[in-house]
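Counting in the working numbering, the sequence shown runs from -8 upward without gaps. Remarks on the structure that follows.
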Amino acid sequence: MDQSIALAMSNQKKDLIAEAVSAKYMPSYKRTKKIREIISGGSKDLLDNLNIVGKVAFHIKEGNRLSKENKRIEEEIRQTEKASQTFNKAS
């Protein structure tokens, strides 16, 4: 009986992680709503839920930062290519 309870709690935690990760790809207002649902959700272990949400929020923030950095680098590459094409045409 104890093993089945532990397994059920483990599965519930996996479900919470999956929900939190899926929230990563939602618009921000839906993500906020989903994270609030997870925090106030069925699990009595609120600290675990907050930890899961915190990890997901960190990955979302890091992904956004990397995305902005990639866009900046791509723009620099485009400008460099344009400049080299202009230089090649001039010479």
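Quick reminder that beta carbons are idealized off the backbone N, C-alpha and C, glycines included.
Contact test: residue i Cβ vs the ligand HEM heavy atom, cutoff 8 Å
{"i": "E67", "result": "Because no ligand of any kind appears in the structure shown, any question about the ligand HEM cannot be addressed here."}
Closest Cα partner of residue i within the set the options
{"i": "D6", "options": "K25, K21, E66", "result": "K25"}
For residue j and residue i, the rounded distance between their alpha carbons
{"i": "E53", "j": "A81", "result": "42 Å"}
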